[in-house]
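Every letter in the sequence shown is one number past the one before it in this note's numbering, and letter 306, counting from 1, is 306.
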Amino acid sequence: MASSEHPSVAAVFEVVFDKRVGHTVSWKRNLPDVSLDGVEYKCLPSGLHGVREDLVYFVHGAYAGVSAFVLGDADEQQRNANFVAVGALVPLSFGRLGKSWIHAAALRELARERVRDAQRSQGLEQFWKENKGENSGDGTPVSPSAVRRASLPVTAIDANRKRKRATSDASGNMFPAMQAFPPDHPAVSMFALLDMFGPLIFPLHRATLLRKRILLLTTPPVQESCNFVYLLSILSSIPRFLADSLPPESELALRIQTLFSVGVHDIPFLGDEKRRERWLACTTDDILEEKRDLYDVFVRLPSHTGPSYEWPRIRTADGKDIRATQRDLRRYRLLRAELDRTVPAYQDDPEEASSDSGGASSPLMRASTNALVEEAKHTRPGDSTICEPVSWTAMAYNGFMWWASAGEMEAWENEEARADRQLLEELPEMEDLAQHMATSSSGDVQGGEPQVRLKMVAATVLTAYFHHMTADILQPLIDAVEEADDATEEGVADAAIHISNEDMRAMGLDSWSAADREFVAEALRLYFARESKIEEGGLNICGVRVC
């Protein structure tokens with residue numbers, strides 16, 4: 001039987017390649033009424049035979065699936081296809097992945113054992129005996145609305161905006177049982193997610209908040225891409241105090257469904273027009289890119305063998321590129337500089353990490369002049385291709401403001417730059433949080449490896465960071481809708497919600513960006529079923545618009 005720390009499994013199975021029938025389930029144990037139809041395709045994405053080992057997450061009915069793939073040596077008689085995938089199904093009622101990562105290490109060892117000796121099944125039998133659930137009902141989650149509500153963070157921020165205490169809350173609610181943080185937990189890929197997308201992480205976060213159907217195209221191995229799906233859903237979760245302030249009809253928007261690895265066999269499911277839930281998924285089947293009716297946003301990830309600084313490409317189903325705004329770029333550089341300062345392992349140069357760390361008493365952010373130096377240090381090749389160019393209107397406005405302030409940088413520094421730094425200042429020191437986790441955990445974290453603890457800290461702090469951003473976006477909209485409703489007489493049609501340039505900046509958005517204005521309009525329609533009237537960025541002098 002499964003222990004309290006390990007989720008019970010509803011099925012264990014092995015998939016091999018049969019030269020006569022192709023992929024086939026060669027061994028299985030499952031609870032009554034648990035179907036394994038099609039699982040052989042879900043656990044073996046296209047192209048997986050090109051890597052030695054991989055871990056695949058997927059969804060199979062009411063269950064989360066995890067499959068460990070191992071490629072062995074093969075001869076011509078085996079048609080050069082000696083591989084094994086050993087997987088398990090766990091109830092989705094335990095969360096997005098049912099904590100299936102806890103079983104990943106054991107499944108990987110079983111796959112290695114089976115690829116060496118296909119006749120030995122004792123390990124599989126033992127795993128099933130130790131982890132099987134009581135009955136198939138274990139895999140039937142409670143009502144979808146209850147699952148969504150239960151999965152919401154109690155808060156990454158509380159209603160009184162006590163952010164430092166909130167980050168501690170986030171660590172306990174988004175990534176529980178931190179003392180048992182396993183190497184296969186998706187949160188270990190948080191740094192990789194940030195490095196992969198760079199400034200694009202912000203428009204992708206906004207697309208996820210709009211509950212778009214988002215499909216990531218990747219190449220094997222797929223474990224990291226599955227981790228990205230998990231993390232994007234976590235980062236775009238709605239804090240509970242905000243959820244309680246949203247209209248009841250917005251419940252479906254509170255959480256995005258995570259499908260993890262999908263393929264050609266999932267096309268009928270993805271194209272089902274009766275499904276109201278929006279989703280996040282990844283695939284290795286590039287033919288899905290042509291099925292534009294299946295998704296809203298398509299993300300092509302760089303190949304694992306491609307240039308190290310190649311950026312992902314994000315576009316809509318109609319082919320329009322999604323880019324980061326200029327504010328996104330500035331915010332990303334500030335965030336990277338802060339990570340470099342507080343997490344030495346995140347830097348490429350250990351000596352630089354030592355000299356820049358500054359100790360626990362150093363301020364979280366440097367003076368603005370040094371911050372500009374830090375931003376320049378994190379400029380990467382191709383930044384201009386993934387960011388919206390500065391508009392002529394924005395340049396004219398900035399030029400006027402520079403002239404009006406007599407060219408003094410400190411005097412001209414605008415509100416949004418200060419707000420972006422404040423977002424970092426209100427987060428706790430990562431070093432302090434790491435020390436807290438080290439002293440409060442019962443026992444070592446996976447043998448006390450510092451890298452594991454650093455990844456735990458990064459996942460916790462970055463989750464809180466994005467939850468703060470989510471609150472900064474939704475709370476002003478909640479206030480604007482309530483204010484408009486208070487000013488509207490009963491029986492009169494709801495008026496469009498007015499959003500000013502100042503409102504846009506307060507939400508952490510770029511008032512010069514047409515994409516950000518459209519984002520706000522869509523957010524008001526999705527969460528409040530209201531139309532909007534949004535000001536465009538510009539400058540008025542004596543009532544006359546000059547730019």
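Ideal placement from N, C-alpha and C gives every residue a C-beta, glycine not left out.
DSSP on residue i, reduced to helix/strand/coil?
i: Cys43; result: coil
i: Arg211; result: coil
i: Arg366; result: Residue confidence is low: Arg366 scores 35 on pLDDT, short of 50, so the model does not pin down where it sits. Its coordinate-derived value is still stated next. Coil.
i: Leu341; result: Here residue 341 is Arg; the residue named in the question, Leu, does not match the sequence. Helix at Arg341.
i: Ser245; result: coil
i: Trp412; result: For Trp412, the predicted model reports a pLDDT of 40, less than 50, meaning its position is unreliable and no value from the coordinates is stated.
i: Thr283; result: strand
i: His185; result: coil
i: Ala10; result: coil
i: Gln257; result: strand
i: Thr24; result: strand
i: Asp321; result: strand
i: Ala166; result: Note that Ala166 scores a pLDDT of 44, beneath 50, so its modelled location is shaky; the value from the coordinates is reported in the next line. Correct three-state label for Ala166: helix.
i: Phe528; result: helix
i: Val34; result: coil
i: Val520; result: helix
On a CA-only basis, which of the options is nearest residue i? Give me that one, please.
i: Val12; options: Gly50, Val70, Arg52 and Ala111; result: Ala111
i: Arg276; options: Arg211, Asp244, Ala459 and Phe228; result: Arg211
i: Lys291; options: Ala417, Ser532 and Val264; result: Val264
i: Ala523; options: Arg331, Pro476, Asp486 and Leu193; result: Pro476
i: Val84; options: Gln119, Pro268 and Phe58; result: Gln119
i: Phe58; options: Asp18, Asn227, Trp512 and Leu259; result: Leu259
i: Glu536; options: Met504, Glu249, Arg525 and Ala529; result: Met504
i: Leu48; options: Thr283, Leu423 and Ala495; result: Thr283
i: Gly95; options: Ser513, Asp37, Pro186 and Thr218; result: Pro186
i: Gly22; options: Tyr41, Lys28 and Glu134; result: Tyr41
i: Arg331; options: Gly508, Val25, Ile287 and Ile497; result: Gly508
i: Pro312; options: Leu339, Leu204, Ser245 and Lys129; result: Leu204
i: Ile386; options: Arg336, Asp328 and Leu334; result: Asp328
i: His6; options: Arg116, Leu427 and Trp128; result: Trp128
i: Ser500; options: Asp293, Ala521, Arg525 and Ile534; result: Ile534
i: Val559; options: Glu416, Val229 and Phe69; result: The structure shown does not extend to residue 559, since the chain is modelled only from 1 to 547, so the question has no answer here.
i: Trp27; options: Leu334, Thr218, Glu125 and Phe197; result: Glu125
i: Thr342; options: Pro239, Lys274 and Ala458; result: Ala458
i: Phe548; options: Leu427, His304 and Ala243; result: Residue numbering for the chain in the displayed model covers 1 to 547; residue 548 lies beyond these limits and cannot be assessed.
With a 10 Å radius around its C-beta and 16 neighbouring C-beta atoms as the bar for buried, classify residue i as buried or exposed.
i: Pro247; result: exposed
i: Lys132; result: buried
i: Gly261; result: One detail in the question is off: residue 261 reads as Ser in this sequence, not Gly. By the neighbour-count rule (16 or more Cβ atoms within 10 Å), Ser261 is buried.
i: Pro268; result: exposed
i: Tyr295; result: buried
i: Glu388; result: buried
i: His468; result: buried
i: Pro183; result: exposed
i: Arg255; result: buried
For residue i, which residues does DSSP report across the bridge?
i: Lys533; result: His498
i: Val90; result: Ala64
i: Lys132; result: Val9
i: Ala85; result: Val15 and Phe69
i: Val59; result: Ala64
i: Val299; result: Leu216 and Ile314
i: Glu425; result: According to DSSP, Glu425 bridges with nothing at all.
i: Arg29; result: Val12
i: Glu53; result: Val70
i: Val262; result: Thr283
i: Cys226; result: BP columns for Cys226 are empty, so no partner.
How many whole angstroms separate the CB atoms of residue i and residue j, which I take to be in contact at a CB cut-off of 8 Å?
i: Phe298; j: Ala317; result: 7 Å
i: Ser189; j: Leu231; result: 6 Å
i: Tyr63; j: Leu107; result: Between Leu107 and Tyr63 the Cβ distance is about 15 Å, and since that is not below 8 Å, they are no contact.
i: Leu280; j: Ile322; result: No, Leu280 and Ile322 are not in contact; Cβ-Cβ is about 15 Å, not under 8 Å.
i: Gly65; j: Leu89; result: 5 Å
i: Tyr527; j: Ala207; result: Not a contact, Cβ separation roughly 15 Å.
i: Cys43; j: Gly72; result: Actually they are not in contact, since the Cβ atoms of Cys43 and Gly72 sit about 17 Å apart, beyond 8 Å.
Nearer than 8 Å: is that true of the beta carbon of residue i relative to any heavy atom of the ligand GDP?
i: Val15; result: This structure simply doesn't include the ligand GDP, nor any ligand for that matter.
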